[in-house]
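Residues in the sequence shown are numbered consecutively from 1, following this note's numbering.
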Amino acid sequence: MSLQKTWGNSHLSALGAMLLSVLLVGCDNSVAQNAAPPAPAVSAADVVVKSISQWDSFNGRIEAVESVQLRPRVSGYIDKVNYTDGQEVKKGEVLFTIDDRTYRAALEQAQANLARAKTQASLAQSEANRTDKLVNTNVVSREEWEQRRSAATQAQADIRAAQAAVDAAQLNLDFTKVTAPIDGRASRALITSGNLVTAGDTASVLTTLVSQKTVYVYFDVDESTYLHYQNLARSGQGASSNHTALPVEIGLTGEEGYPHQGKVDFLDNQLTPSTGTIRMRALLDNAQRQFTPGLFARVRLPGSAEFKATLIDDKAVLTDQDRKYVYIVDKEGKAQRRDITPGRLADGLRIVRQGLNPGDKVIVEGLQKVFMPGMPVNAKTVAMTATSALN
């Protein structure tokens, strides 16, 4: 009886211990499940506040200031090509020589005709002078006197005609030397030695020349941007109403940013109705010969006077239907939503017109970990830099 009682007490004690262990384990699991998860790691950057000017960007093409198709002004066989394809040439430099023998002979004949006309004019004048003395004494009739005076006048006209023929023959002879009308770079010779060329409306192009010292960049501006610049001009914040002398910056394919500077020198007098754009032109110095006509160019114009702006990385901006917002990290280390009014891009960053203050820390990385405003975050401070934004 005593043995049975002892075993029963031991059994009850063991059972109690087991129940107590289960309860303790359950309590530990409950505490673990109710513990807060660790704050997600994010990167936050201070907003950038600095003075900037807004820029408007366009696409354009580089063109030569002067472009000439060189054609022969007299017919004949090409005797010689006097330059190397692609060479830079000076104004007046002989590029092609046409066989001049025919034109030299024509000039000599014209000069002979001029000499003959002068001789005849001298004789006619002498006879007219003699009749001047004899007409008053009735030795010659007045009719004969008038004929002699008329012959002298006609002889002077013949001299002028012969002189004109000499001048024309000299021009034709000069035209056998085809010279560069401008300083520039010559293309390849399209017609080579031994080939016949003809003058006139059907004259063949010998080569083309383009000037090199300066170049134009043509680009088209949309209607709203054009009106924006007009408003700037009227308010005294921009260039003149025709926008000439407006500074521009140019970038070529493969170049970082806009390393080249120029000035607008032309604005067209009307918009193109089919495209709603107006043509503008900038002038660039090309002393280093880095610009070749036909190159694609990125063009930007200052779209505002300088002003102080708040800037953030564009990837920090989120969208909620028609509203834009960002998450900032408050002093308690919690993420808070801020609705913003974004503007244009400037220096690769997004302008924020309303919604942020200097000193605000904007979350730029780890936004996918922020599920709602007010949640704690483990923020790492980084610099505010542009990502893939284009100017």
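Ideal placement from N, C-alpha and C gives every residue a C-beta, glycine not left out. For clarity, every value in this text was computed on a predicted model and none was experimentally measured.
- Here THR310 is buried. Its C-beta has 16 or more other C-beta atoms within 10 Å.
- With contacts defined by Cβ atoms closer than 8 Å, SER211 and ASP183 form a contacting pair.
- DSSP places ASP167 outside any beta strand (DSSP E); the residue lies instead in the alpha helix (DSSP H), whose first and last residues are 142-175.
- The beta carbons of PRO37 and ASN378 sit no closer together than 8 Å.
- Under the 10 Å beta carbon count, THR207 is surrounded by 16 or more other beta carbons and is classified as buried.
- Cβ-Cβ distances below 6 Å link ASP99 to GLY76, TYR77 and ASP79 in the same chain, with the five nearest sequence neighbours on each side left out; the list follows chain order.
- Check the Cα spacing between PRO72 and each of THR272, GLY257, LEU190 and GLU306: the tightest is with LEU190.
- Spatial neighbours of GLN125 in its own chain (CB-CB distance under 6 Å, excluding positions within 5 residues in sequence) are listed in chain order as ALA152.
- By alpha-carbon distance to TYR325, the top candidate from LYS331, GLY333 and ARG337 is ARG337.
- Under the three-state reduction of DSSP output, GLU256 falls in the coil class, being neither helix nor strand.
- Taking a cut-off of 8 Å on C-beta distances, the region 306-320 does not touch the region 274-288, as fewer than three cross pairs fall below it.
- For LEU114, the uninterrupted alpha helix (DSSP H) run begins and ends at 101-134, by DSSP.
- The beta carbon of LYS91 sits closer than 7 Å to the beta carbons of ALA180, PRO181, ILE182 and ASP183 from its chain, once the five residues preceding and following it are set aside; these are given in chain order.
- By the neighbour-count criterion, in which a residue is buried when 16 or more other Cβ atoms sit within 10 angstroms of its Cβ, GLY254 is exposed.
- Scanning ASP132, LYS331, ILE62 and THR102 for the CA closest to the CA of MET375 turns up LYS331.
- Burial check for LYS361: the Cβ neighbour count within 10 Å reaches 16 or more, so the residue is buried.
- Residue environment: ARG323 is assigned as exposed (fewer than 16 neighbouring CB atoms within 10 Å of its CB, all protein chains considered).
- Residue range 223-234 is occupied by the alpha helix (DSSP H) that includes GLU223.
- Closest in alpha carbon position to GLN87, among ASN136, GLN290, ALA165 and ALA186, is ALA186.
- For ASP330, no beta strand (DSSP E) run applies, since DSSP gives it neither H nor E.
- For secondary structure counted as the alpha helix (DSSP H) over 4 or more consecutive residues, the region 254-299 holds no complete run.
- Distances from the alpha-carbon of TYR103 to those of TRP55, GLN170, THR84 and ASP201 put GLN170 closest.
- In the three-state scheme derived from DSSP, where H, G and I count as helix and E and B as strand, ASP56 is classed as strand.
- Per DSSP, TYR77 is one residue of the beta strand (DSSP E) stretching across 76-81.
- The beta-carbon distance between VAL299 and PHE58, rounded to whole angstroms, is 5 Å. This is short enough to meet the 8 Å contact definition.
- Between the beta-carbon of THR192 and that of LEU284 there is about 34 Å, and that puts the pair past the 8 Å contact cut.
- TYR216 is the residue among VAL317, TYR216, GLY251 and LYS334 whose C-alpha sits nearest the C-alpha of LEU267.
- Rounded to the nearest whole angstrom, the CA to CA distance from VAL178 to ASN269 is 37 Å.
- Under a 10 Å Cβ-count criterion, PRO302 is classified as buried, with 16 or more other Cβ atoms of the shown protein chains found around its own Cβ.
- The bridge partners DSSP lists for GLN354 are THR341.
- Distance from the CA of ARG61 to the CA of ILE250, rounded to the nearest whole angstrom, comes to 11 Å.
- Here VAL370 is not near ALA44, since their CB atoms are 8 Å or more apart.
- Beyond the five residues adjoining it in sequence on each side, PHE175 comes within less than 7 Å, by CB distance, of ARG73 and VAL74 in the same chain, given in chain order.
- Rounded to whole angstroms, GLY366 and LYS308 show a C-alpha spacing of 29 Å.
- The C-alpha of GLY294 is placed about 27 Å away from the C-alpha of VAL94.
- The three-state secondary structure of LYS315, taken from DSSP, is helix.
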